[in-house]
Amino acid sequence: MKMRMNNIFVPTLRSTPGEAEIASHKLLLRAGFIRRSSAGVYTYLPLAYRVLEKIKNIVRDEMNKAGGQEVMLPIIQPAELWMETGRWHVYGDEMFRLKDRHGRDFCLGPTHEEIITDLVRGEVNSYRQLPILLYQIQNKYRDERRPRFGLMRGREFIMKDLYSFDVNEEALDVSYQKMYQAYTNIFTRCGLNFRPVEADSGAIGGNVTHEFMVLAESGEATIVYCDECNYAANVEIAPCKPSIKAEIKEDLREKVKVHTPDVKTINEVAEFLEVKPEKCIKTLFYKADEELIVVLIRGDRTINEIKVQKVHPCYNLELASEEEIKNITGALPGSVGPIGLKNIKIYADLEIEHIINGVCGANEDDYHYINVNATDYQVEGYYDLRLIEMDDKCPKCNGQLQSARGIEVGQVFKLGTKYSESLKAKFLDVNGKEKPIHMGCYGIGVSRTLAAAVEQHNDENGIIWPKAIAPYLVTVIPVNNKDSQQMEYAEKIYTELQAKGIEVILDDRNERAGVKFKDADLIGFPIRITVGKKAIEEGIVEYKLRKESTVEEISMAEAIKKVVEFSQS
Ligand code: ATP
Ligand code: MG
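Numbered per my numbering, the sequence shown spans residues 41 to 609.
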């Protein structure tokens, strides 16, 4: 079949639709790859479809090499299974729920641990049947609070998810390592600059987990890494040591209540009382599911809510409202502190214990205490609750930390026996003893990977596809369609490239050359071959790589040779 711009459906746009905020979203709309159907739900047009197929094929190839077998699990899942693991309620509003005509509850699969564990518990009963690695590439449904950035955070999106079933922890380690390696291969083959990082296991559970981050400024995640060792982690979990300045020890003084009119923020308080923010105790009230809790952190630090959820396990953690705070303390958020608080759990960051003669709100509007010390209030304990900063040292080697932004394109988890216990997926071991299966789960956001590739590879003119996932490798552009000799020449190049198995498109549209060049750059074909007057007169064409600005004038035969070399490099 002839691939001509005239008959493929690529509705490019001259201007950027207002809804788009980041480069990949803008470019995918403008270059005619995607169209929005409803919030977080998109149609993939022919060019995007080709890219997705390429990503999927790379994923498939690596999954199969690692011993994975492809299956297709149901999208519609019965509530009963999710009740067995307790996640029917945990998932909350993020789950798309529906009822059948008999009133039975179902959901659209946000993930497939329940379904696949149900399958395996019914079929596996002996160690001889393990390990099993099953995967699928399929739509997932999550009613995200903030669907945004186009394909990055959709409500319907494509995921590859593999689940591993093993006899014990050591065997699970083997599966995990295989998947880790396969993921490394996949993102390398896709031509992406990425980094695996230690991560939080969130609602899925388990403890060992890594996220694969495509490095890009617009990424929602922040990662820290160390060049002196190989440490790399999502800031959500990077552990912090208290930084204690070796200053001259002050004598503990008696606390004193002072009038602090109209000062509310930590900086205002610190300035008014002439102390450093690091001497101030920031007192935060949170609603952890239905319970109010207090978290104390140094005034110059940022709270890490993931860490708070580790010490006070809850599904939903959000800052309490002014009213809720006033009800408990009698004061507004600008004047609250831990002294005298009763019937509420107070968790303090490790550094709080080392504040000598510090400052905190007095639970009375416009009043603070000075000379506050750890003996003045009661806490549940001191924990690591803050966000790591660049002046912290590498948790592994004490080296200098660096930070970067990343897009999470994949995550691998060791689940252990979490799901096999709750769903009773057991097997008989060599000695005939019943044991729970050790599980792992491994996801790749296929549609997000497409967007991440664009986010990482673009310039002011458009997308610059890494060649392994480009919709077509080459576009052949005749400068003047009306010149039948140019058209003939272009057709010839096009036909020869196709015969060599190169994915090529012929821009045979009746447009000015400038328009075709603009579209070629916007769409991002890795190679452009231009056929103009010189082709007819001297047999010379223009050969240009999308990622470089230089144009080479070479013979048709050379151009074809170069394309083939490029495709194999
Ligand atoms: P996030 O933290 O970004 O919400 P997640 O950790 O909840 O993602 P996982 O359950 O680990 O996601 O899903 C596996 C992969 O699926 C992710 O690494 C990501 O690439 C992709 N993914 C998750 N949610 C979305 C989404 N709403 N839209 C597109 N891709 C997604
Ligand atoms: Mg994840």
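All C-beta atoms in this analysis are idealised placements derived from N, C-alpha and C, irrespective of residue type, glycine included. Remember, it's a predicted structure, so these values are computed and weren't measured experimentally.
Would the segment 83 to 91 count as touching the segment 207 to 225 if we require 3 or more Cβ pairs under 8 Å?
no
Alpha carbon of Glu500 to alpha carbon of Lys587, nearest angstrom:
12 Å
Could you check how far apart the C-beta atoms of Gly480 and Ser215 are, in whole angstroms? I think they sit under 8 Å.
5 Å
In whole angstroms, what is the alpha-carbon distance linking Arg195 and Gly502?
26 Å
At least one CB of chain C closer than 7 Å to the CB of Tyr387: is that the case?
In the structure shown, chain C cannot be found, because there is only a single protein chain.
Return the residue from the list Ala444, Ile594, Ser204 and Ala575 that minimises the CA-CA distance to Arg161.
Ser204
Taking only runs of the alpha helix (DSSP H) that begin and end inside the segment 274 to 316, which ones reach a length of at least 4 residues, in chain order?
306 to 313
Distance cut-off 6 Å: Met103 Cβ against heavy atoms of the ligand ATP:
no
Can you name the start and end residues of the beta strand (DSSP E) that Pro476 belongs to?
Glu474 to Pro476
Starting from Leu170, follow the beta strand (DSSP E) in both directions and report where the run begins and ends.
Where Leu170 is concerned, there is no enclosing beta strand (DSSP E), given that its DSSP letter is neither H nor E.
Buried versus exposed, by CB contacts within 10 Å (16 or more), Cys269:
exposed
Own chain residues within Cβ distance below 8 Å of Ala272, not counting five before or after
Arg235, Pro236, Val237, Glu238, Ile263, Val264, Tyr265 and Cys266
Tell me the rounded alpha-carbon separation between Thr323 and Gly456.
37 Å
At 3 residues or longer, what runs of the beta strand (DSSP E) sit wholly inside the segment 444 to 506?
466 to 468, 474 to 476 and 478 to 485
I need the boundaries of the alpha helix (DSSP H) containing Ile368, first residue and last residue.
Glu362 to Thr369
Shortest alpha-carbon distance to Leu381 belongs to which of Asp389, Ala371 and Pro171?
Ala371
On the three-pair Cβ rule with 8 Å, is the segment 463 to 473 touching the segment 223 to 234?
no
Can you say whether Arg341 is buried or exposed, counting buried as having 16 or more other CB atoms within 10 angstroms of its CB?
buried
Please list, in chain order, all residues of the same chain as Arg426 whose beta carbon is under 6 Å from its beta carbon, the five residues on each side excluded.
Cys280, Ile337, Arg341, Asn344 and Asp389
Would you call Cys437 buried or exposed, if buried means 16 or more other Cβ atoms sit within 10 Å of its Cβ?
exposed
Quick check on DSSP: helix, strand or coil for Pro14?
Past the edges of the chain, shown from 41 to 609, lies residue 14, and the structure says nothing about it.
Cα-Cα separation, Glu528 to Thr515
15 Å
What is the residue span of the beta strand (DSSP E) that Ser589 lies within?
Careful: Ser589 lies outside any beta strand (DSSP E) and carries neither H nor E.
Let me check understanding here. Comparing Cα to Cα, which of Ala106, Ala222 and Ile284 lies closest to His394?
Ile284
My assumption, with CB atoms under 8 Å, is that Val494 sits in contact with Ala63. Please give the rounded CB distance.
7 Å
With DSSP run on the structure shown, which of helix, strand or coil describes Pro86?
helix
Take Glu429 and list the residues in its own chain whose beta-carbon comes closer than 6 Å to its own, dropping the five residues that flank it on each side.
none
Determine the direct distance from the alpha carbon of Ile517 to that of Ala553, and round the result to whole angstroms.
8 Å
Euclidean distance between Cα positions of Val309 and Gly401
9 Å
Contact set for Ile244: own chain, Cβ-Cβ below 8 Å, skip 5 residues either direction
Low per-residue confidence applies at Ile244: pLDDT is 48, beneath 50, and the placement is therefore not dependable, though the value from the model is reported in the following sentence. For Ile244, where only same-chain residues beyond five positions count, the Cβ hits under 8 Å are Thr151, Glu153, Phe453, Leu455 and Cys481.
Distance, Cα to Cα, Arg568 vs Glu577?
20 Å
Between which two residues does the alpha helix (DSSP H) containing Phe557 stretch?
Ala553 to Ile563
Can you check DSSP and say which residues form a bridge with Gln109?
Leu174
Residues that DSSP places opposite Gly398 in a beta bridge
Val412
Counterpart residues of Asn47 in DSSP-defined beta bridges
In DSSP, Asn47 forms no bridge with anything.
DSSP-derived helix/strand/coil call for Glu251
strand
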